Amino acid sequence: MRRSKLDRLIGHHIADEQVSYILRRLGCEVTEGQDEWKAVAPGWRFDMEIEEDLVEEVARVYGYNNIPDEPIQAGLIMGTHREADSVVEAG
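Here full-length UniProt numbering is used: the first residue of the sequence shown is 1, the next is one more, and so on.
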């Protein structure tokens, strides 16, 4: 699980040590790398197959109520191409 993916999907930074602790509490075998964790889920956890599953479990155990409510910031770039211009160009 990549740090960038964890932070992006949760929208909040959880300390590395806490992420490792949570993954181990979930029964995973964890190998820590730089800005990533390699986690092998226990055999009985069929719901932890992909990276997003791990992110979801970390967020759940961390506590959704501990993740601040912040609106998503998205940029919007308006184009200059107008419908009327398209009609004129089409002839």
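Glycine included, C-beta positions come from ideal geometry on N, C-alpha and C.
Since this is a predicted model, take the numbers as computed values, not measurements.
In or out: residue i buried (at least 16 other Cβ within 10 Å) or exposed?
i   : result
I77 : exposed
E89 : exposed
Under a three-way DSSP split, which group does residue i fall into?
i   : result
A59 : helix
E89 : helix
E70 : coil
So residue i and residue j are in contact, right, with Cβ under 8 Å, and what is the actual spacing, rounded?
i   : j  : result
G27 : R2 : At roughly 21 Å, the Cβ-Cβ gap does not stay under 8 Å, so G27 and R2 are not in contact.
Please state if the CB of residue j and the CB of residue i are separated by a distance shorter than 8 Å.
i   : j   : result
A59 : I67 : yes
K5  : V55 : yes
L14 : Y64 : First, the amino acid is wrong: residue 14 is Ile here, not Leu. Result no, Cβ atoms of I14 and Y64 do not sit closer than 8 Å.
What span of residues does the beta strand (DSSP E) with residue i cover, start to end?
i   : result
E49 : Per DSSP, E49 belongs to no beta strand (DSSP E) and is neither H nor E.
G33 : 29-33
A39 : 36-40
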